[in-house]
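Notes follow once the structure below has been shown.
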Amino acid sequence: MVKRSRILSFFLIVLLLGSLIGVTSKDILNNIKLGLDLQGGFEVLYEVKTEDGQEVTQDILNSTVQSLDRRINVLGVNEPSIQIEGDNRIRVQLAGVTDQNEAREILSTEAKLSFRDVNDELMMDGSDLVEGGAKQSFDENGQPNVSIELKDANKFKEVTEKIVAMAPNNQLVIWLDFEEGVHSFQEEVTKEDPAFLSAPNVSQVFNTNTVTIEGNFTLDEAQTLANLLSSGSLPVELNEVFSTSVGAQFGEQALEKTVVGGIVGIGAIFLFMIAFYRFPGIIASITLSIYLFITLLIFDWLNAVMTLPGIAALILGVGMAVDANIITYERIKEEIKVGRSIKSAFQVGGKNSLATIFDANLTTLLAAGVLFVYGQSSVKGFATTLIISILVSFITSVYGTRLLLGLWVNSNLFNKKPGWFGVKKSEIKDIAENYDTLDLPSKFDKFDFVKQRKKFYIFSALTIIAGIVVLSIFRLNLSIDFSNGTRIEQLSEQQITTSEFQEQLESFQINTDDIVISGEDNNIAVARTTDVLSQDEIAEVKSQFNEVFGAEPNISTVSPTVGKEIARNALIALGIASIGIILYVTIRFEIKMAVASIIALLHDAFFIIVIFSITRLEADLTFIAAVLTIIGYSINDTIVTFDRIRENMVKKRKIKEFAELKEVVNKSLRQTLGRSLNTIITVILAVVALLIFGSEAIRNFNIALLVGLIAGTYSSIFLAAQIWLDWKGKELKQKGVLITFKEKKKETDEPQV
909 MVKRSRILSF FLIVLLLGSL IGVTSKDILN NIKLGLDLQG GFEVLYEVKT EDGQEVTQDI
969 LNSTVQSLDR RINVLGVNEP SIQIEGDNRI RVQLAGVTDQ NEAREILSTE AKLSFRDVND
1029 ELMMDGSDLV EGGAKQSFDE NGQPNVSIEL KDANKFKEVT EKIVAMAPNN QLVIWLDFEE
1089 GVHSFQEEVT KEDPAFLSAP NVSQVFNTNT VTIEGNFTLD EAQTLANLLS SGSLPVELNE
1149 VFSTSVGAQF GEQALEKTVV GGIVGIGAIF LFMIAFYRFP GIIASITLSI YLFITLLIFD
1209 WLNAVMTLPG IAALILGVGM AVDANIITYE RIKEEIKVGR SIKSAFQVGG KNSLATIFDA
1269 NLTTLLAAGV LFVYGQSSVK GFATTLIISI LVSFITSVYG TRLLLGLWVN SNLFNKKPGW
1329 FGVKKSEIKD IAENYDTLDL PSKFDKFDFV KQRKKFYIFS ALTIIAGIVV LSIFRLNLSI
1389 DFSNGTRIEQ LSEQQITTSE FQEQLESFQI NTDDIVISGE DNNIAVARTT DVLSQDEIAE
1449 VKSQFNEVFG AEPNISTVSP TVGKEIARNA LIALGIASIG IILYVTIRFE IKMAVASIIA
1509 LLHDAFFIIV IFSITRLEAD LTFIAAVLTI IGYSINDTIV TFDRIRENMV KKRKIKEFAE
1569 LKEVVNKSLR QTLGRSLNTI ITVILAVVAL LIFGSEAIRN FNIALLVGLI AGTYSSIFLA
1629 AQIWLDWKGK ELKQKGVLIT FKEKKKETDE PQV
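Quick note: the sequence shown uses the working numbering, first residue 909, plus one each step.
Written out as structure tokens, the structure is:
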């Protein structure tokens, strides 16, 4: 009898969730903070130094952050990010800032105001100003000037008395960021564009707390000076060691393209799941939609910043979530094939898949955690999204699927209708035969994965040797992230030629042959140089290129120190991820499986590196993110295989012949191959969609993922299990017999028919 109340409950839950998603999604999307790579803006990493060379303390860093925050408030930037990093660095991210040149100037200018006589003797400084007491105003001729309010009128009276007494050299020289030994009034006064702000003659004593600074300012210059003085001088010197900027047009285009790519990729995944798994595929599509909604909701709650790689991680997270569904559905199909009822198969299949899903997700979570700790900027945003995606996908794909699919199963509607789960009646055994799922025939039974293992070893060894030769000759085309220099990326309203772009660069004495033209209409040009452009040079380049090409360029600079640190952190991240995976797999399985897994993972990572070396694709920060992500995906696949090997070993109880070990590995690979292929197809659908429709900014990232996914599938099927087999065979030869994993007491599964 069909229990219609269960079906009604399903539709009520879906209707409720659908209504909630429909009503709140627009507000959630509008509330999510977009990173500077999606709306334009810039990021800069400052190294903090004190003037007297003393140690930079936490108090000094905190004070500097407060000063920077006051200056940013002047710019009107919404929700800026100012973070202290390490012992002497501060990272500032300003997304959506309209005038990047002005913002950089306001941030880094020390703004130490001083009043001096013609002999450069200090009379007053910024400490004599009322906090926030500077305002832009106009003189009697309508010329812009700056009015400042002093704390003590008597002190200004004393200063003007001294200056009047120095006639005829009775000038009160007003300086901004005067440097002892560098600046001198006697030298600067002879220049057409002196370094001081103004030097008015003082012919009478003033007893007032208001002073006007005049200096042939434009309106913008006067306003900027007023803003700087109001926000106060910086307590330290800030040296720019890393910076990156993104034009607004770049950000808008990147967001639009990546969202389109994501929609196409996710839609393709939904269609594949429905076509292959029938009704459970529909349930998977519903839970995946819930996964996307909850992930975005959490981003809103955490007030986290969504970056371009973060959107890619969200879309790739759909592939991770699908994997959990695939593992569960494959288990359910196996239970149906041995003759269990739909209800019993659903219960047992869900239970048996949980440990495998948990192991696979935890190892990927480990790689994402390492990325978060050692990543910088947008890579940290990618890691944040990946971590949230893994946690949410586990909940929605495991418990959400069980709830929604369970309502239909327990309604009895699908009793004796295995076709709804993608199982043909001809494939189903009689339950009375007590058939084990591990003994089920596979459509891959004709494949002998073990017999040809030495050929796979030789192929991989030759590939590695060739790769080493390629790397020794070509090396990696490292971005400035891992060395030092400047990267200029220009978007044009029309086609750009190499000679045209090079000519513009040479007008700023930027000489480089490293220019790449890309984009659908050859309207994107990228140039790299080992020279690190200064703040003033960046401002000039941005201004002129905006006039010539119709858009501000993206400009990134990296100092040699930071480049080395990024490279070192990348190696540390890879090492920690490998060690963590070895420890976890050893605890959950055994050391031989752990080492075999790591060999396969390093094989995958090396393969990506070699392909990037041959193709001369630029390896940047997101390249490291891609490598660590592939490590997570690859170990995911390998663990599923080892989990099935363990099950088959338990069934054997004792193994005396190497042929028995070969049988275990072959059978396990055949049984999990369908799941491996289905998982890789869904993830590749997402990656290919991002490659075709997504932004150029993450093209290399997606290529690295695609190459890594192919390499990871190969190593999981043809290397990891075979390496374990040979090592286990040596153990068998030494011991003569292998006592397999202890079998857990089997619980009764209800109902059976």
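Just so it is clear, CB atoms sit at the ideal spot from N, CA and C, and this is done for glycine as well.
Determine the contact status of residue i and residue j, defining contact as a CB-CB distance below 8 angstroms.
| i | j | result |
| --- | --- | --- |
| Leu1058 | Val1038 | yes |
| Ala1481 | Tyr1282 | yes |
| Val1000 | Glu955 | no |
| Val1287 | Thr1530 | yes |
| Leu1313 | Leu937 | no |
| Leu1479 | Asn1431 | no |
| Thr1437 | Ile1418 | yes |
| Thr1292 | Phe1302 | no |
| Pro1468 | Asn1392 | yes |
| Val1226 | Ala1192 | no |
| Ile1625 | Ala1504 | no |
| Ile1121 | Ser1106 | yes |
| Lys1245 | Lys1337 | yes |
| Phe1601 | Gly1169 | yes |
| Ala1275 | Asp945 | no |
| Ala1003 | Gly943 | yes |
| Asn1115 | Lys1065 | yes |
| Asn1211 | Lys1560 | no |
| Ala1527 | Leu1386 | yes |
For residue i, list the residues DSSP reports as bridge partners.
| i | result |
| --- | --- |
| Leu942 | Met1214 |
| Val1067 | DSSP lists no partner for Val1067. |
| Trp1083 | Ser1022 |
| Glu951 | Gln1001, Thr1152 |
| Ala1435 | Ile1396, Ile1423 |
| Phe1046 | Pro1052 |
| Ile1647 | Lys1562 |
| Thr1120 | Ser1055 |
| Leu1386 | Ala1527 |
| Asn1147 | Glu955 |
Where does residue i fall in DSSP's three states?
| i | result |
| --- | --- |
| Ile1495 | helix |
| Lys1337 | coil |
| Arg912 | helix |
| Tyr1343 | coil |
| Pro1659 | Its pLDDT being 38, under 50, Pro1659 is placed unreliably in this model, and the coordinates cannot settle the point. |
| Ala1192 | helix |
| Leu1418 | It is worth fixing the name first, because residue 1418 is Ile in this sequence and not Leu. Looking at Ile1418 - three-state DSSP - the assignment turns out to be coil, as it is neither helix nor strand. |
| Glu1160 | helix |
| Ala1183 | helix |
| Leu969 | helix |
| Lys1654 | Confidence in Lys1654 is poor, its pLDDT being 44 and thus under 50, which makes the residue's placement unreliable; the coordinate value appears in the next sentence. DSSP places Lys1654 in coil when its eight states are reduced to three. |
| Asn1477 | helix |
| Val1666 | A question about residue 1666 goes unanswered here, because the residues of the chain that appear run from 909 up to 1661. |
| Val1503 | helix |
| Glu963 | coil |
| Asp935 | helix |
| Gln862 | Residue 862 falls outside the range modelled here, since the chain spans only 909 to 1661, and no answer is possible. |
| Gln1402 | coil |
| Asp1429 | coil |
What are the start and end residues of the beta strand (DSSP E) that includes residue i?
| i | result |
| --- | --- |
| Ser1623 | Ser1623 -> not in any beta strand (DSSP E); alpha helix (DSSP H) instead, spanning 1607-1623. |
| Asp1033 | 1030-1033 |
| Glu1057 | 1052-1058 |
| Asn1462 | 1462-1466 |
| Lys1351 | Element bounds for Lys1351: n/a, residue is neither H nor E. |
| Glu993 | 989-993 |
If I follow the unbroken alpha helix (DSSP H) through residue i, where does it start and stop?
| i | result |
| --- | --- |
| Leu1585 | 1566-1601 |
| Leu1640 | 1629-1643 |
| Ser1451 | 1443-1457 |
| Glu1100 | Looking at the DSSP string, Glu1100 is not in any alpha helix (DSSP H), and its letter there is neither H nor E. |
| Thr1371 | 1361-1382 |
| Ala1107 | Here Ala1107 belongs to no alpha helix (DSSP H), and DSSP marks it neither H nor E. |
| Glu1604 | Taken as a continuous stretch (DSSP letters only), Glu1604 belongs to no alpha helix (DSSP H), as it is neither H nor E. |
| Ser1016 | 1008-1016 |
Check your understanding: Which full runs of the alpha helix (DSSP H) of 4+ residues lie inside the segment 1244-1331, going along the chain?
Key -> 1250-1282, 1286-1302, 1309-1317
Check your understanding: If you scan the segment 1513-1574 from start to end, which runs of the alpha helix (DSSP H) of 4 or more residues do you find wholly inside it?
Key -> 1529-1560
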